[in-house]
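Structure first, then comments.
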Amino acid sequence: MMPELPPVAESWLRDTLLRRAHPLLLSFDAGWCLRDVHGDAAFHGFDSGDAGRALRELQDLFIGLPLDGHQELPFIELSNGRSAHVHLIADPPGFHVLLLDAEEERVQQRAQQQLGNEAVLAGHEKSKAIGRLQEIRNELERQRASLEEANALKNALIATLSHDFRTPLTSIFGYLHLLEGPAADAARARQALGAIRRNATYLFTLAENLLEYGRGEAGALLNPGVLSVDALARDIDDMFRPLAEDKRLAFEVGVERDDGSVVPLFDEVRVRQVAVNLLSNAVRYTAQGTVSARFAWRGGRLRIEIADTGIGISPEFRERVFKPFNRGGQAGSKGAGLGLSIVRRLVEQMGGTLALDSAPGRGTRFTIDLPPLASLPAPAGLDPAATPWKKDFDVLVVDDDPDVAQLLEALLLDLGFRVRVAGDANAAVAEVMRRPPDLLLIDVEMPGLSGNAAVFRLRSNGYRGRIVTLSATSTGEARDASLRAGADYYLTKPLNLDQFVGVVQRATASPVGA
Amino acid sequence: MRTHKLCMLGDFGVGKTSLVARFVRRTFSEKYLTTVGVKVDSKEVALPDREPLKLVVWDIAGRGTLDAPGANYLRGASALLMVADGTREASLAAALELLEQARRDLPDVAAALAVNKLDLVERWEVTAATLSDLRRELPVFETSALSGDGVEAAFAELAARLAT
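Now the structure itself:
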C-alpha cells in the first residue's frame, strides 16, 4: 500500500494523470441508455454532431461480453483516430465506461513494432533475394560450362565433318564416275549402286543427326501420335536390307504386338531416329553374321531390340560411346560419333530406358523400352490413325482481346473441339467452377485478376483439367511463374501455330492428372 | 438487426488492416503501418433471402501466437477471419496455429481463411495443393486487398455462416 502522499504532491499527481489520460466517464443504464457524462468528451470524439455514432461504436466493443463485471480493452482505436484504453465498470443496475487516452503510448509502441516488423519482413525478402541470386549464379555457371562444352564440340564437329562428309561423297562420286564410264558391266554396276546407296544412307543419317544435335539438349517438343510399327518395320527393312545384303549379312526385322485395349501414342519421328541410328551402326560394324531389329508391344510400352554379331564394345568404352564426337569405342570406327549420343538423348526425352549388352568380338544388343507419351482408348471399329487426339474435348478460351479470343476459337473449332469463350479471369473462374472444361486456354496478362491468379485459384479449388497459359512475356521467369501457379503448358505470343497445335494435341492426348 | 463480432487474426504484415479497409471503405494503401491494439469497424452485409446483418470487425494487431491481450480481444467473437500472406508460407502456419489456439476458447466460432496478396501470385510460396487440402478443413479464399479480389466473398461466407 502506497503511503499517503503530502496533499501538494497528491494534487500534482492527480492533475498530471488527468491531463495525460483525459479521462472520460460515460454512465449508462442496463440498456445502454446514456445517463451521465464526466470528463473531456470532445477529446474522445463524443461531442460532435455524430456522438450517436460514437456511442454505437462504443457499444459494439462489448458485443458478447457481460456488463455486470469489470472489462478492460487496451489500445482501442476510436472513431476520431485516437487510441484509448477502454474500461467497463459495473455499477448495478447500470455500468460506466471509462476511456483513458493511450495515443502517446500507442505512437511509441507502433514506432518500436514497426521497426521490428519491417526488419523481419525485409529479412524474409533478403533471404529470398539471396536464394534467387544463388540460382542465377548457378545458372550462369551452368551456362558457362555449357558454352565451353559447346565450343569444344564445335571444334570437334568441324574437324569431324570435313572428314565425314568428304569420305562418302568421294566414294559416291567415284562410283558415279565408274557407272558413267564405258566399261561398266552389270556386276560392277550393281556393286557401284550398292556402294552409292550405302554412302547416301550414311550421309542421310549424318544429316539427320546434325539437325537433331542442333536442336540442343532440350530438343523440340515431342509430338505424340499413333505409331504404325508395321510401317516403321517396312521402312527399316527397305532401308537396311540392301546394305546388309551387300555385306552378305543376314537381316531380320520382327514385330510382336499385344491386343491392348488402348492405343499408345509415341513420337514416330523420334522412334524412327532411334532405330535408324542403331541399325546404321549395327550394319556398319558387323562384318559377318546377322543384324536384327525387333519391335514389341508390352502392356502399351514399346520395346525395340537392335542386335548384331559385330565387333562389340569393350566394357571400358560403354559410357564413352554415348558422348558426342567420341568414336574410340569400336575398333576401326568411323562416323561423326553423334549417333549413340542422340539415341540416348531421344530415349531420355521420351521417358524411356536404354540398355546395352555387348561383348568384344561377339556383338552388341541395344534394348530400348519406351513408355507411351499418352494413350487413347481403342473402342471397337475405331481407326486410331484417324483420331490423333480426342476431338470431343470441351475447351474454354479466356482472353480480354476479342480478336485473339476469336482466332483461338476458330482454330480450335477447326480442330474439332467444342469451344467456350470468356473475356476476363473472374468470368473464367466462375465458368470453370460451373462446368469444368477438359482444357483451359488462358491469357496471363489481363486487367483485374491475372491469368496466373485465376489458374492458382482454380487449382486450389480442385480443377484438374489441362491448362495452357498464353503470354506476351517470353522470359523463363514468367514461364516458371505460370507453371508454378498450376499451368501445364506455357505458350508465348505471337503464337506459333504449329507449336500451338502441338501443345493442344499433347494437352488433350495426355490423361488428366498425369 | 443482428450484430456479430468478427475478429481478424494473423501474423503481422499479412494484410489484415488492408482487407478491412477494402471491405469496409473500398480503399487500399501501399504503405505498411503496423497495428497496435485494435481497430474496430462495422459494416452491414446483405444476404440473399435473409435479413441483413451487421458485422463488427475487430482488426487485431498481428501476432504469430495468441498472447493474453490477444485472447482478451477475442472474447465474444462469433467469427474469425484468419489471414495469411501467400508470399510467406510461415504466415500460413501461424494463421493455422492461431486458429487452433482461438478454438480452445471459442469452440463454436465460425472461421474462414483468407490467403492474401493474390496480386503477387507469381511470388507465392503457398501452393495450390496446400490450399486444396486446407479446403477440407475450412473455407479458403485467395484474396487481394489491392485489387479487391476474393475479399467480399470471404466476408460474405462468414456472414452466411453466422446467419444460419
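Chains A and B, in that order, give the protein sequences.
Quick note, our numbering runs 1011 ahead of the 1-based positions in the first sequence.
Quick note, our numbering runs 19 ahead of the 1-based positions in the second sequence.
Every residue, glycine too, gets a C-beta built ideally from N, C-alpha and C.
Bear in mind that the values here come from a model prediction, so they are computed numbers and not experimental data.
Per DSSP, residue i forms a beta bridge with which residues?
| i | result |
| --- | --- |
| V1302 (chain A) | A:F1262 and A:D1319 |
| S1482 (chain A) | A:T1503 |
| L1082 (chain A) | Per the sequence presented here, residue 1082 (chain A) reads as Gln, with Leu not at that position. DSSP output for Q1082 (chain A) lists A:L1099 as bridge partner(s). |
| M101 (chain B) | B:L28 and B:L132 |
| T1519 (chain A) | The partner list for T1519 (chain A) (beta bridge, DSSP) is empty, contrary to what the question assumes. |
| I1087 (chain A) | A:A1095 and B:V57 |
| E63 (chain B) | B:K73 |
| G1050 (chain A) | A:L1035 |
| L1313 (chain A) | A:W1308 and A:L1381 |
| E176 (chain B) | Paired residues: none, contrary to the question. |
| E1267 (chain A) | A:A1307 |
Who are the Cβ neighbours of residue i in its own chain at under 7 Å, not counting the five residues just before and after it?
| i | result |
| --- | --- |
| A1244 (chain A) | V1264, V1266 and F1306 |
| I79 (chain B) | C26, M27, L28, V57, G89 and Y92 |
| A182 (chain B) | L66, R69 and L72 |
| T106 (chain B) | K136, L139, R142, W143 and E144 |
| M1457 (chain A) | D1411, D1435 and A1436 |
| G1476 (chain A) | P1447, P1448, D1449, L1450, L1451 and V1523 |
Starting from residue i, trace the alpha helix (DSSP H) in both directions and tell me its first and last residue.
| i | result |
| --- | --- |
| Y1501 (chain A) | No alpha helix (DSSP H) holds Y1501 (chain A); the beta strand (DSSP E) holding it covers Y1500 to T1503. |
| A87 (chain B) | A87 to L93 |
| S1493 (chain A) | G1487 to A1496 |
| S1352 (chain A) | G1350 to Q1360 |
| D1061 (chain A) | Careful: D1061 (chain A) lies outside any alpha helix (DSSP H) and carries neither H nor E. |
| P1413 (chain A) | P1413 to D1425 |
| S37 (chain B) | K35 to V39 |
Three-state secondary structure (DSSP) at residue i?
| i | result |
| --- | --- |
| W1308 (chain A) | strand |
| W1043 (chain A) | coil |
| F1277 (chain A) | strand |
| F1251 (chain A) | helix |
| E1015 (chain A) | coil |
| I79 (chain B) | strand |
| F1328 (chain A) | helix |
| L1072 (chain A) | coil |
| A1389 (chain A) | Residue confidence is low: A1389 (chain A) scores 44 on pLDDT, short of 50, so the model does not pin down where it sits. Its coordinate-derived value is still stated next. If DSSP states are grouped into helix, strand and coil, A1389 (chain A) belongs with coil. |
| S166 (chain B) | coil |
| S1038 (chain A) | strand |
| V145 (chain B) | coil |
| V1240 (chain A) | helix |
| R21 (chain B) | strand |
| L15 (chain B) | Limits of chain B in this structure are 20 at one end and 183 at the other, which puts residue 15 (chain B) out of reach. |
| L1028 (chain A) | helix |
| L1508 (chain A) | helix |
| S1022 (chain A) | helix |
| A96 (chain B) | coil |
| G1192 (chain A) | coil |
| D1257 (chain A) | helix |
| Y1213 (chain A) | helix |
Ignore the nearest five residues each way along the sequence and tell me which others in residue i's own chain have a CB closer than 8 Å to its CB.
| i | result |
| --- | --- |
| A1101 (chain A) | L1078, D1079, G1080 and H1081 |
| I1074 (chain A) | none |
| R1312 (chain A) | P1275, D1380, L1381, P1382 and P1383 |
| D1248 (chain A) | F1262 and V1264 |
| V59 (chain B) | V75, V76, W77 and D78 |
| L1424 (chain A) | V1430 |
| D1454 (chain A) | V1409, D1410, D1411, D1412, V1415, G1462, T1480, L1481 and S1482 |
Within the continuous beta strand (DSSP E) that includes residue i, where are the two ends?
| i | result |
| --- | --- |
| E161 (chain B) | V159 to E161 |
| R1431 (chain A) | R1429 to A1433 |
| G1105 (chain A) | G1105 to D1112 |
| D124 (chain B) | First-last for D124 (chain B): E108 to D124, but that is the alpha helix (DSSP H), not the beta strand (DSSP E). |
| F1377 (chain A) | G1374 to L1381 |
| S1369 (chain A) | T1364 to A1370 |
| L1407 (chain A) | D1405 to V1409 |
Tell me which residues share the same chain as residue i and place their Cβ nearer than 6 Å to its Cβ, disregarding the 5 neighbours each side in the sequence.
| i | result |
| --- | --- |
| S163 (chain B) | L137 and D138 |
| A1293 (chain A) | V1302, I1317 and D1319 |
| P1390 (chain A) | For P1390 (chain A), the pLDDT reaches just 38, beneath the cut-off of 50, and the residue's location in the model is therefore unreliable, although a value from the coordinates is still provided. If we look at P1390 (chain A) and ignore the five residues flanking it on each side, it has no Cβ neighbours. |
| R1373 (chain A) | G1323 |
| T1553 (chain A) | What the structure shows of chain A is the stretch from 1012 to 1525, and residue 1553 (chain A) is not part of that stretch, so it cannot be assessed. |
| S1239 (chain A) | none |
| G1205 (chain A) | D1257 |
Taking only runs of the beta strand (DSSP E) that begin and end inside the segment 1136–1188 of chain A, which ones reach a length of at least 3 residues, in chain order? none
Threshold first: 4 residues or longer. Then list the alpha helix (DSSP H) segments lying entirely within the segment 1445–1479 of chain A, N to C. 1462–1471
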